[in-house]
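Numbered according to our numbering, the sequence shown spans residues 4 to 496. C-beta: ideal position from N, C-alpha, C; glycine also.
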Amino acid sequence: MTPMSSSPSVDLAARTRTDGRWTPRLVLLLIALAWPTQLLAAGGILGANATAGVAQAFHTTQVVWFGLTLTLVSTLLTPFVIKAGDLYGKRRVMLAMTALGALGEMLAALAGSFWLVLAGRAIAGCYGPFGALSFAAVRDLFPPRLVKQASGIMGSSVGLVALVSPFLAGWLVDNWGYRGALWFLAAATAVACALIALLVPETPRHAFGSRFDWPGGLVLGGGLTAVVYAVGQGQSWGWADLRTLGWLGAGAVALIAFLFIERSSPNPILDLEVLRRRPVALALTAGGLAQTVAFTMPGLAILLALYPHIPGVSAGLGWTAHHNAVVSVSWNLVMFGTGLLVSRYLRHFDARRIWCAGLMVMALGYALVGFYHSNEIELIVTSCIANVGAGVVVAGAPALVVGVVSRDEQGLGSGMLNMLISLFGAIVTAGAYAVLAADSTVLDGTAFYLDTGYSWIFWLGALVTLAALVLSLLIPPLHDPSDDDVPADVQPA
4 MTPMSSSPSV DLAARTRTDG RWTPRLVLLL IALAWPTQLL AAGGILGANA
54 TAGVAQAFHT TQVVWFGLTL TLVSTLLTPF VIKAGDLYGK RRVMLAMTAL
104 GALGEMLAAL AGSFWLVLAG RAIAGCYGPF GALSFAAVRD LFPPRLVKQA
154 SGIMGSSVGL VALVSPFLAG WLVDNWGYRG ALWFLAAATA VACALIALLV
204 PETPRHAFGS RFDWPGGLVL GGGLTAVVYA VGQGQSWGWA DLRTLGWLGA
254 GAVALIAFLF IERSSPNPIL DLEVLRRRPV ALALTAGGLA QTVAFTMPGL
304 AILLALYPHI PGVSAGLGWT AHHNAVVSVS WNLVMFGTGL LVSRYLRHFD
354 ARRIWCAGLM VMALGYALVG FYHSNEIELI VTSCIANVGA GVVVAGAPAL
404 VVGVVSRDEQ GLGSGMLNML ISLFGAIVTA GAYAVLAADS TVLDGTAFYL
454 DTGYSWIFWL GALVTLAALV LSLLIPPLHD PSDDDVPADV QPA
């Protein structure tokens, strides 16, 4: 019998008695998990808007670390968070993560020096891997017939976050500066902690009795962190610079060493046998690539919107942040609405086919954005097409993972997906800036980007999406979580 945690624990019998119907308790549970999950996306938008204020307040040229510090800590801790959730229960770990996140943002808001700001952001980075647990918790806490739908709703709600966050960021930063954004993140993370404490029961332990594989976790987290750091710094250092090559080499060596460490470990931090299965490897890689495009391209499009329009020097649209927020309402609504619609029908149709259709639409959309982005009308029409596909992607990715792993492996699958999104995101972002730099004009020490560069970053998004589509076509039929209701001895092989 699987041991359970003492404070509120999930009643597995009650979990299945709903027979696939939504109840007020399940709605509140979904809100309690979705709030902190999507707060990560809101934090990215608020942090991006606060960056300029931080640079000016502390007169630093190293402001890139304001965001990079959080990303690096999150990447380092992800493998430990996955294992801790299986060992001690996901609720306990989520409470610790949100408490540290609130503490870190509060420290950054109060800091009187740039280095204290970075210390606060490093502590806040402990909250970064939250998505590795929240989607896995859905598999543990919801009736099997609602798992795909609940996961899809939680994923698609990022469209609502993208809709509201730019307006919120402008209001906070315009009235209270960067500290206003950080105080809001601290308060919102504290609310997340309270929601989890009050509404989320403890989950079953999937690795009871095993121990932490500290060498494996440190080597894996360190290797991933080194690669992300090198990719993040490559544009400023130069891709042939010894520092860039050194960090990339160190990361590669660490990841290779991790494979040997895990083979000899009695309690591996990641079950490599699971990751060697072709359906799992294909689903995680395709899901990571597609979600990277869905999350990264809108952020890069902000450069096009906010950079000035100077004929022959800069091909930006010259919009204000408020005007960009108003125009982007259209495609963010499309993304949110599409995600909700897809979430509703995931339980009735083959999630793999819906996923592939979404990838085709997203690739077409970003190819069109590359050709047509010179004014509001062109950008609205082409971005809405792209975000129809993106809505399918963010809603369908959790169902894709659910369909290739067992319930006990859900934490591992979600965690690996998060790590790949971080890694691919750093690579795609660095590649996009390299493309922009190749077609830029430097004026008074500032690089301004020409139209060819902007076109190619959207075409890059289309190409990455097509790569995800090719991998997705190789994924075999998915497992239906509703089969979890069937006793193991009568489940089909």
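Query: Report the rounded CA-to-CA distance for Ile478 versus Ala114, giving the unit in angstroms.; Result: 49 Å
Query: Just reading off the beta strand (DSSP E) that Leu446 is part of, what are its end residues?; Result: Ser443 to Leu446
Query: Please return the same chain residues whose Cβ sits closer than 6 Å to the Cβ of Ser265, not counting the five positions on each side in sequence.; Result: Note that residue 265 corresponds to Glu in the displayed sequence, not to Ser. Within the same chain, Glu265 has close Cβ partners Gly219, Pro271 and Leu275.
Query: Under DSSP, the alpha helix (DSSP H) around Gly123 begins and ends at which residues?; Result: Phe117 to Ala127
Query: Can you give me the Cβ contacts of Leu166 inside the same chain, cut-off strictly under 7 Å, excluding the 5 residues immediately before and after it?; Result: Val332, Asn335, Leu336 and Phe339
Query: In angstroms with no decimal places, state the Cα-to-Cα distance between Ala58 and Pro269.; Result: 47 Å
Query: Using DSSP's beta-bridge definition, name the partner residues of Ser500.; Result: In the structure as shown, the chain starts at 4 and stops at 496, and residue 500 therefore has no counterpart that could be examined.
Query: Please classify Ser2: is it buried, with 16 or more other beta-carbons within 10 angstroms of its beta-carbon, or exposed?; Result: Here the chain covers residues 4 to 496 and nothing more, so residue 2 does not appear.
Query: Is Phe145 helix, strand or coil when you go by DSSP?; Result: coil
Query: Would you be able to state if there are at least three C-beta pairs under 8 Å between the segment 354-370 and the segment 460-479?; Result: yes
Query: Tell me whether the beta-carbon of Leu185 lies closer than 8 Å to the beta-carbon of Ala112.; Result: yes
Query: On the three-state DSSP scale, how would you describe Ile313?; Result: strand
Query: With a Cβ-Cβ cutoff of 8 Å, do Thr206 and Arg94 count as a contact?; Result: yes
Query: What's the C-alpha gap between Phe374 and Met419?; Result: 34 Å
Query: Can you check DSSP and say which residues form a bridge with Phe451?; Result: Thr444
Query: For Leu292, collect the residues of the same chain with a Cβ closer than 7 Å to its Cβ; drop the 5 residues on either side in sequence, then sort them by chain order.; Result: Phe427, Val467, Ala470 and Ala471
Query: Does the segment 386-398 come within contact of the segment 341-348, defined as at least 3 CB pairs closer than 8 Å?; Result: yes
Query: Output the boundary residues of the alpha helix (DSSP H) element that contains Leu403.; Result: Glu379 to Val405
Query: Quick one: what's got a C-beta closer than 8 Å to Asn327's C-beta in the same chain, skipping five residues either side?; Result: Pro169, Ile305, Ala308 and Leu309
Query: What do you get for Pro82, buried or exposed, if any count of 16 or more other CB atoms within 10 angstroms of its CB means buried?; Result: buried
Query: Who are Ala318's beta bridge partners in DSSP?; Result: His312
Query: CB-CB under 6 Å to Pro301, same chain, minus the five flanking residues each way: which ones, in chain order?; Result: none
Query: Between the Cα of Arg72 and those of Val96, Gly56 and Glu108, spot the shortest distance and give me the residue it belongs to.; Result: Note that residue 72 corresponds to Thr in the displayed sequence, not to Arg. Taking only the C-alpha atoms, the option nearest Thr72 is Glu108.
Query: By Cβ distance, which residues of its chain are closer than 7 Å to Leu320, with the 5 residues on each side in sequence left out?; Result: Leu307, Ala308 and His312
Query: Hey, quick one: how far does the alpha helix (DSSP H) through Arg24 stretch, first residue to last?; Result: No alpha helix (DSSP H) holds Arg24; DSSP gives it neither H nor E.
Query: Take Pro480 as the anchor and find which of Leu42, Val283, Ile85 and Ala45 has the nearest alpha-carbon.; Result: Val283
Query: Would Ser346 and Ile156 qualify as a contact pair, given that the criterion is a beta-carbon distance under 8 Å?; Result: yes
Query: Output yes or no for whether 8 Å exceeds the beta carbon distance between Met365 and Ala402.; Result: no
Query: Go to Thr247, then tell me how far its alpha helix (DSSP H) extends in each direction, as first and last residue.; Result: Leu245 to Ser267
Query: Gly104: which of Ala127, Val84 and Ile85 sits nearest, CA to CA?; Result: Ala127
Query: Skipping 5 residues on each side, what residues in its chain have a beta carbon closer than 7 Å to that of Leu3?; Result: Since the first residue of the chain shown is 4 and the last is 496, residue 3 is not available in this structure.
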